[in-house]
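Novice:
Protein chains: 2
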Amino acid sequence: MTQTLFTAKAPATSQGAATAKQPLNISGRHYIQGQWQAEKLNSFSAINAVTFEPLPWLFAECQATELDNACEAAHQAFLSYREKTALERAALLRQMAQELRIAASDIIAIARQETALTELRLQGELTRTCNQLLMFAQALENQPEGLVVLDKALPERQPPRPQLELTQLPLGPVAVFAASNFPLAFSVAGGDTASALAAGCTVVVKAHSAHPATCDRVMQALVHAIELCEMPKAVLSLVQAKSYDISHQLVKHPRIKAMAFTGSFRVGMALKDSINQRAEPIPCYAELGSLNPQLVLPELALSSATELAQQLVASTTGSGGQLCTKPGLWLLPHTAAAELLLDTAISAMQQVQPQTLLHPGIYKSYQAQTAERALQVKTLATGLSAEKQASALLFSCSLNQLLATPSLWHEIFGPSALVVRYHSLTELAAFIEKLPGQLAATVHGYQHNLPVHHALLTQLEYQVGRIILAQMPTGVEVCASMQHGGPFPSSSDVRSTSVGLAAMQRFLRPLCRQNFPASD
Amino acid sequence: MTQTLFTAKAPATSQGAATAKQPLNISGRHYIQGQWQAEKLNSFSAINAVTFEPLPWLFAECQATELDNACEAAHQAFLSYREKTALERAALLRQMAQELRIAASDIIAIARQETALTELRLQGELTRTCNQLLMFAQALENQPEGLVVLDKALPERQPPRPQLELTQLPLGPVAVFAASNFPLAFSVAGGDTASALAAGCTVVVKAHSAHPATCDRVMQALVHAIELCEMPKAVLSLVQAKSYDISHQLVKHPRIKAMAFTGSFRVGMALKDSINQRAEPIPCYAELGSLNPQLVLPELALSSATELAQQLVASTTGSGGQLCTKPGLWLLPHTAAAELLLDTAISAMQQVQPQTLLHPGIYKSYQAQTAERALQVKTLATGLSAEKQASALLFSCSLNQLLATPSLWHEIFGPSALVVRYHSLTELAAFIEKLPGQLAATVHGYQHNLPVHHALLTQLEYQVGRIILAQMPTGVEVCASMQHGGPFPSSSDVRSTSVGLAAMQRFLRPLCRQNFPASD
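Below, the structure is given as structure tokens:
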């Protein structure tokens, strides 16, 4: 096994969308057992999202033995990491945020080339990533003993009751999959990693092949934090791979005790199938995407239609339409306000600049999916176009066609939405009952008369993880009350969230201590 | 479909272990769509646990159409039951407890014949069953709004934060499987049903074929409560079946949104396999049994050995050794105290009266499993014997043999335990690390010097759901801090408990309401 430190490798010169302000030293290796190492170097390249050309960074493809080593090391590290106090874990998370800030210019320069996301967006995302780490650190500091339920001994009762204390233990090593659309906030240092480390679990991250260099550079920053905090080195591991084999090996590994994933329905469910083959069942937290329906009520005021249209177009096409919470399905009545909304939206969509998507693969998939959809349904509006860039697209079909055509329910990752008109609230209510599970949905246009729509809202609540009044579903607040997850098929486990404080609960389980001396 | 009310059927006369004080009117049918009905009557008999002879009650075998109707009705009932307030649900649970108390003499008389459990035990179990219902009722009354996390709007912040409220919704219809060993507390009106109803879910119970008449009579009491509380009738359904097919159809039904089971590893995992075949993943809560190791430390005082031996024998053989928390594995050192403990235990086991088990099937299984074990390991003690009754058995093998023989890890349901000697704390610690997941484990004989055993206790905590000092694992307190569940293979979902207040959380999931008017 090669165990050369990556610093022995000459730093690559950056090129492409961003100009690096300093050498962007990418290892191209995995970080396993506390070392940068690789058996099979130079297997695949990072790709420039704008030019579709290879970037000068080459990555090793993780081999089965390496993956096995990573999982075993994560288990060994867990045996000592689980003994760390909540305050020690909080200090690690704070140091990680600190190291990310120190490495910010490197990280953003690399991520710009790999993802074509703007500097502003990436700066915001890095801030969010740091804030997520700090949120969990703060939670640990506020409640270092965790959630404890105590039933004191009742020695006089017949039969006597022993002292019983319910506490929580971390599950063990967690497999985390970096997501393509948040190269920072849902990747190596993202919410899944932060919540698992906060819970006391160790983590093996599978890097995303759409931003391998960003993963590499972020990992370097986190390794610095791990070393500074004198944590077990294998508290966090990173493996690079383009083949799906290694992902399946990861979730099937006996040392792995939970899995967190954000991505496509197809890939997420394939991983879930692998988990189903395990001898030992483990929690499978896969956020699988969603259409996030936008219900516009017939009472929408004419005066609100233009603004709502602009919001919908902006939310659909922002970040290239590559957000899990993109409003991908608009349900409109046949009213004058809805006509105005639609006319405004069509004009706005036609003016939308062509969008560079996160990766050539995502671009090609968008082209193929929208081409197929254009054959199935009506195209209402096409945005501006350019080579290797995605044009915004607004499609339309009838409610009945949508209900009868499973492929129309597939999320198209990119700047497009589907408009469906309904004739009555009765028809809308019947539709909601058949809605597959969604991450989020919004009701627009109500006139401060919510009780009238009680039945509709109730039904909608049972189909979603987050129900919104009169706001766009994009822009997910990171806080204790957030829920980012939803009924299947929007996620594989409706009981969990991948954003917000409760995300940590995914990686904990209860333990009862009976007849132990009182802890205080 | 037959929809005759069961009262049209002549009441059967009771016989066997108990003498009924009033006619024990058993329908022999399923309770589906708010009616006692059956397509295929008289398919199997209840069996007298003492004589192995059929009891005069015959039961219908549930047919595929009936099961489908039950699940559809449970869904329809859910649409209205989920609208009930917490206080209305609490009133239902209280009324159910009340009806069970009214029907107590019937229920106990029937259960005695079917299970051979003593009147005292069944009275205690009925009280526990009522208390479980009342515990959830009380919890709903204490906190009718449920668990709510509120993040108030921050309109001045840039970007402004909307008001966000995290609440919980019930999952939908739940499949509950009656367990053989608690014909009341883990059956039709048991903890799974109580916690699911408390959560706002409707329930389809698969009766246990070892106590079908008890299920039938209990259901009649619950139906009375449902009617008095004017709840949707299909809030609870009961199906009778001897074939496993109907169980698999139940957990695969698209209307079913969670499954709760207590029983054998083999049956529980077969049901989990069926759940894995579903298009929509659902929570699978299967409590699969356990050996519940009893670690006796070398520092056990000679003066404590006799009493501990008697406790271990009583706990192993009480209730015929048919408790999930039976201390089935005793780990003893080579000390004088341990020798005394073992000698005392052997003598006590030899005096244990023969035990009537819950059902001829369980008796036959006990005979077969212990016969097989007697060929594998040493038999230390055999209790008194009688026809059709189980003799208590104490087996012994080496640590290495246990580690090398997977079949020795199988729980034997009945009054037997396996004794294993260890030579050093190092050997014990190495063993604990390899221990498969357990519901509970106890450490005996420590001398108020817990910190010395910190590493051992920590490792043990990670292998169990409940860790106990110096007490028997049997006698599971029903309270907020209880944990009855554990790492695989003791349960299929380490995150859940089937006893105690937290059992309700199994059937709830989070919902975030964004930008809704503040509820207060």
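These protein sequence lines are chains X and A, in that order. So for the first sequence, this note's numbering puts the first residue at 1; every next one is plus one. So for the second sequence, this note's numbering puts the first residue at 521; every next one is plus one. Glycine included, each C-beta is placed from N, C-alpha and C at the ideal position.
(1) Quick one, which residues of the segment 275–308 of chain X are near chain A if we go by CB-CB under 7 Å, in chain order?
(2) What runs of the alpha helix (DSSP H), each 4 residues or longer, lie entirely inside the segment 366–428 of chain X?
(3) At least one CB of chain X closer than 8 Å to the CB of T1017/A: is that the case?
(4) Under 9 Å, CB to CB, which of the residues in the segment 43–59 of chain X have a partner in chain A?
(5) To test your reading of the DSSP string, which unbroken alpha helix (DSSP H) runs of 4 or more residues are found completely within the segment 819–857 of chain A?
(6) Please determine, among A314/X, R506/X, Q353/X and N400/X, the residue with the shortest C-alpha to C-alpha distance to E387/X.
(7) If V738/A sits next to I622/A, beta carbons under 8 Å apart, how far is it from one beta carbon to the other, in whole angstroms?
(8) Between Y31/X and T426/X, what straight-line distance do the alpha-carbon atoms span, to the nearest angstrom?
(9) Against chain A, with Cβ distances strictly below 8 Å, would M524/X count as a contact?
(10) Residues in its own chain within less than 6 Å of F78/X by CB, not counting five upstream and five downstream?
(11) What separation, rounded to the nearest whole angstrom, lies between the Cα atoms of L126/X and C71/X?
(12) Rounded to the nearest angstrom, what separates H253/X and Q277/X at their Cα positions?
(13) Does DSSP put M616/A in a helix, a strand or coil?
(14) Quick one: is L670/A near chain X, going by C-beta distance under 8 Å?
(15) Please report whether the beta-carbon of Y366/X lies at a distance below 8 Å from any beta-carbon of chain A.
(16) Taking the Cβ atom as the reference point for each residue, do T129/X and A189/X lie within a distance shorter than 8 Å?
(17) Counting contacts by CB-CB distance shorter than 8 Å, is P1030/A in contact with chain X?
(18) Compare the C-beta of V696/A against all C-beta atoms of chain X and say whether one is closer than 8 Å.
(19) Going straight from the alpha carbon of A86/X to that of L140/X, what length do you get?
(20) Going along chain X, which residues have a C-beta under 8 Å from K792/A?
(21) G289/X and E411/X look like a contact to me (Cβ under 8 Å); what is the Cβ gap, rounded to whole Å?
(22) Expressed to the nearest angstrom, what Euclidean distance is found between the alpha-carbon atoms of Y244/X and A270/X?
(23) Give the interface partners of C479/X over in chain A, defined as CB-CB distance under 7 Å, in chain order.
(24) Rounding to the nearest angstrom, what Cα-Cα distance links I362/X and A368/X in this structure?
(25) Near P752/A, what residues of its chain come up, given a Cβ to Cβ distance below 7 Å and the 5 sequence neighbours on each side ignored?
(26) Run the proximity test for P732/A: is its beta-carbon closer than 7 Å to any non-hydrogen atom belonging to the ligand ATP?
(27) Is there a Cβ of chain A sitting closer than 8 Å to that of N515/X, yes or no?
(28) With 8 Å as the limit, tell me which residues of the segment 62–83 of chain X have their beta carbon closer than that to any beta carbon of chain A; keep them in chain order.
(29) Taking beta-carbon pairs under 9 Å, can you tell me which members of the segment 246–260 of chain X lie near chain A?
(30) Which one of F516/X, P333/X, H208/X and S237/X has the shortest CA to CA distance from H974/A?
(31) For E61/X, count the other beta carbons within 10 Å of its own beta carbon; 16 or more makes it buried, fewer makes it exposed. Which is it?
(32) Does the segment 944–962 of chain A come close enough to the segment 820–832 of chain A that 3 or more CB-CB pairs lie under 8 Å?
(33) Please go through the same chain and pick out, in chain order, the residues whose beta-carbon is closer than 6 Å to the beta-carbon of G263/X, but skip the five residues on each side of it.
(34) Going by beta carbon distance, what residues of the same chain come within less than 7 Å of H854/A, once the five residues before and after it are set aside?
(35) Which full runs of the beta strand (DSSP E) of 3+ residues lie inside the segment 230–311 of chain X, going along the chain?
(36) Near L817/A, which residues of its chain fall below 6 Å by C-beta distance, leaving aside the five closest residues on each side in sequence?
Specialist: Inspection of the coordinates gives the following:
(1) Look at the segment 275–308 of chain X: the residues with a C-beta under 7 Å from a C-beta of chain A are N276, E280, P281 and P283.
(2) Complete alpha helix (DSSP H) runs here, min 4: 399–404.
(3) Translated into positions along the second sequence, residue 1017/A becomes position 497. Answer yes: the Cβ-Cβ gap between T1017/A and chain X drops below 8 Å somewhere.
(4) Considering only beta carbons, no part of the segment 43–59 of chain X lies closer than 9 Å to chain A.
(5) Taking 4 residues as the shortest admissible run, the segment 819–857 of chain A contains the following complete alpha helix (DSSP H) segments, listed from N- to C-terminal end: 822–837.
(6) As a working mapping, residue 387/X is identified with position 387 in the first sequence. When only C-alpha atoms are compared, the closest one is Q353/X.
(7) Looking up residue 738/A in the second sequence gives position 218. Looking up residue 622/A in the second sequence gives position 102. The C-beta distance from V738/A to I622/A rounds to 12 Å, too long to meet the 8 Å contact threshold.
(8) Looking up residue 31/X in the first sequence gives position 31. Looking up residue 426/X in the first sequence gives position 426. Rounded to whole angstroms, Y31/X and T426/X show a C-alpha spacing of 56 Å.
(9) An answer regarding residue 524/X cannot be provided, because it is not within the stretch 1 to 520 covered by chain X.
(10) Indexing the first sequence from 1 puts residue 78/X at position 78. Exclusion of the five residues before and after F78/X leaves G172, P173 and T202 as the residues of its chain whose Cβ lies within less than 6 Å of its Cβ.
(11) Position 126 of the first sequence, counted from the first residue, corresponds to residue 126/X. Position 71 of the first sequence, counted from the first residue, corresponds to residue 71/X. Their Cα atoms are separated by approximately 28 Å.
(12) Numbered from its first residue, the first sequence carries residue 253/X at position 253. Numbered from its first residue, the first sequence carries residue 277/X at position 277. In this structure, the alpha-carbon of H253/X lies about 11 Å from that of Q277/X.
(13) On the second sequence, position 96 is the one that residue 616/A refers to. Reduced to three states, the DSSP call for M616/A is helix.
(14) Residue mapping note: residue 670/A aligns to position 150 of the second sequence, counting from 1. Yes - at least one Cβ of chain X is within 8 Å of the one on L670/A.
(15) Counting from one through the first sequence, the residue named residue 366/X turns up at place 366. Y366/X does not count as touching chain A.
(16) Sequence index remark: in the first sequence, residue 129/X carries index 129 (1-based). Sequence index remark: in the first sequence, residue 189/X carries index 189 (1-based). Cβ atoms of T129/X and A189/X: closer than 8 Å.
(17) Residue numbering aside, residue 1030/A sits at position 510 when the second sequence is read from its first letter. For P1030/A, the answer is yes, since a Cβ of chain X falls inside 8 Å of its Cβ.
(18) By 1-based counting over the second sequence, the position of residue 696/A is 176. No, V696/A lies away from the interface with chain X (no Cβ there is under 8 Å from its Cβ).
(19) Numbered from 1 along the first sequence, position 86 holds the residue referred to as residue 86/X. Numbered from 1 along the first sequence, position 140 holds the residue referred to as residue 140/X. Going by the C-alpha atoms only, they are around 5 Å apart.
(20) Here residue 792/A is taken as the residue at index 272 of the second sequence, counted from 1. Simply P281.
(21) Stepping through the first sequence from its first residue, residue 289/X is reached at position 289. Stepping through the first sequence from its first residue, residue 411/X is reached at position 411. About 4 Å separates the two Cβ atoms, so the contact holds.
(22) Within the first sequence, residue 244/X is the residue found at index 244, counting from 1. Within the first sequence, residue 270/X is the residue found at index 270, counting from 1. Spanning the two alpha carbons is a distance of roughly 10 Å.
(23) For the purposes of this step, residue 479/X is identified with residue 479 of the first sequence, where counting begins at 1. By Cβ distance, chain A contributes D671 and L684.
(24) For this step, residue 362/X is matched to residue 362 along the first sequence. For this step, residue 368/X is matched to residue 368 along the first sequence. If you take the alpha carbons of I362/X and A368/X, they lie about 10 Å apart.
(25) In the second sequence, counting from the first residue as 1, residue 752/A sits at position 232. Only residues of its own chain outside the window of five on either side were considered, and among them A597, S600 and Y601 have a CB closer than 7 Å to the CB of P752/A, listed in chain order.
(26) This structure simply doesn't include the ligand ATP, nor any ligand for that matter.
(27) The residue given as residue 515/X occupies position 515 in the first sequence. At a cut-off of 8 Å between C-beta atoms, N515/X counts as an interface residue with respect to chain A.
(28) So the close ones are R82 and E83.
(29) From the segment 246–260 of chain X, only K257 have a Cβ closer than 9 Å to chain A.
(30) Taking the second sequence and counting its residues from 1, one reaches residue 974/A at position 454. In this structure, F516/X is the residue among F516/X, P333/X, H208/X and S237/X with its C-alpha nearest to the C-alpha of H974/A.
(31) Taking the first sequence and counting its residues from 1, the one referred to as residue 61/X is at position 61. Of the other Cβ atoms in all chains shown, 16 or more fall within 10 Å of the Cβ of E61/X; this residue is therefore buried.
(32) Taking 8 Å as the limit for Cβ pairs, the verdict is that the segment 944–962 of chain A does not touch the segment 820–832 of chain A.
(33) In the first sequence, the residue the question calls residue 263/X occupies position 263. If the five residues before and after G263/X are omitted, its C-beta is found closer than 6 Å to the C-beta atoms of A179, all from its own chain and listed in chain order.
(34) Here the question's residue 854/A lines up with position 334 in the second sequence. Once the five neighbours on either side are set aside, the close Cβ partners of H854/A are R941 and H943.
(35) Runs of beta strand (DSSP E) with 3 or more residues, each lying fully within the segment 230–311 of chain X, are found at 236–239, 258–262, 284–287 and 294–296, listed in chain order.
(36) Here residue 817/A corresponds to residue number 297 of the second sequence, with the count starting at 1. If we look at L817/A and ignore the five residues flanking it on each side, its Cβ neighbours are G965 and Y966.
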